[in-house]
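S.K.: Numbering (UniProt numbering), first residue to last: 1 to 123.
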Amino acid sequence: MANMDISLKEMMSIDGALGAAVVDYGSGMALGTLGGSKDLDLQVAAAGNTEVIKAKLRTMDSLGLQDAIEDVLITLSGQYHIIRPMTGRGGKGLFLYLALDRGRANLAMARHQLRGIEERLEV
């Protein structure tokens, strides 16, 4: 089991990582962040991506879908943004957020690594 600081460091070790956060989607607040830049404000990203998760959960509820979100991928011209809701004990209501440089990242590997990090994270 890994703590938040270790998990954030592991997220930032993924090829192409630009910024990482663990976010409470009840409040929209980032519980921990690492990386980012003046062009990638992780606090703003945490709040905005909270709305993405809430909207998707509302839509799934309206459709009567009895499934869980594995991850949400947002593809920009120069970046990938992965939002992964936590499913483990103690992680309910939290998600991992990872921004990647599209030119340096391997999306399949990043998703695979993020799944492993989420499984090991103890909040």
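Cβ atoms here follow ideal geometry from the backbone N, Cα and C, with glycine treated the same way.
Roughly how many angstroms lie between the CA atoms of L31 and L94, to the nearest whole one?
M.R.: Going from the Cα of L31 to the Cα of L94 covers about 9 Å.
S.K.: Would you call the CB atoms of L57 and G35 closer than 7 Å?
M.R.: Not closer than 7 Å, so no.
S.K.: In the DSSP assignment, the alpha helix (DSSP H) including V123 goes from what residue to what residue?
M.R.: Note, V123: premise wrong, no alpha helix (DSSP H); not H, not E.
S.K.: Residue range of the alpha helix (DSSP H) that G48 falls in?
M.R.: It spans 42-63 - the alpha helix (DSSP H) in which G48 sits, taken as one unbroken run.
S.K.: D5 lies in the alpha helix (DSSP H); which residues open and close that run?
M.R.: Unbroken alpha helix (DSSP H) run through D5: 4-12.
S.K.: Starting from G35, follow its DSSP beta bridges and name the residues at the other end.
M.R.: In DSSP, G35 forms a bridge with G19.
S.K.: Could you tell me which residues DSSP puts in a beta bridge with G24?
M.R.: Reading off the sequence shown, one finds Asp at residue 24, where the question assumed Gly. BP columns for D24 point to M29, L94.
S.K.: Can you tell me where the beta strand (DSSP E) holding Q66 begins and where it ends?
M.R.: No beta strand (DSSP E) contains Q66, which DSSP labels as neither H nor E.
S.K.: Going by beta carbon distance, what residues of the same chain come within less than 7 Å of L73, once the five residues before and after it are set aside?
M.R.: Same-chain partners within the cutoff: Y80, I82.
S.K.: Starting from the C-beta of V23, find all residues in its chain whose C-beta is less than 6 Å away, skip the five residues before and the five after it, and write them out in chain order.
M.R.: Contacts found: A30, A46, F95, Y97.
S.K.: DSSP beta-bridge partners for T75?
M.R.: The partner list for T75 (beta bridge, DSSP) reads Y80.
S.K.: Distance, Cα to Cα, T50 vs G103?
M.R.: Roughly 26 Å separates the two Cα atoms.
S.K.: In whole angstroms, what is the alpha-carbon distance linking G48 and L76?
M.R.: C-alpha separation (whole angstroms): 15 Å.
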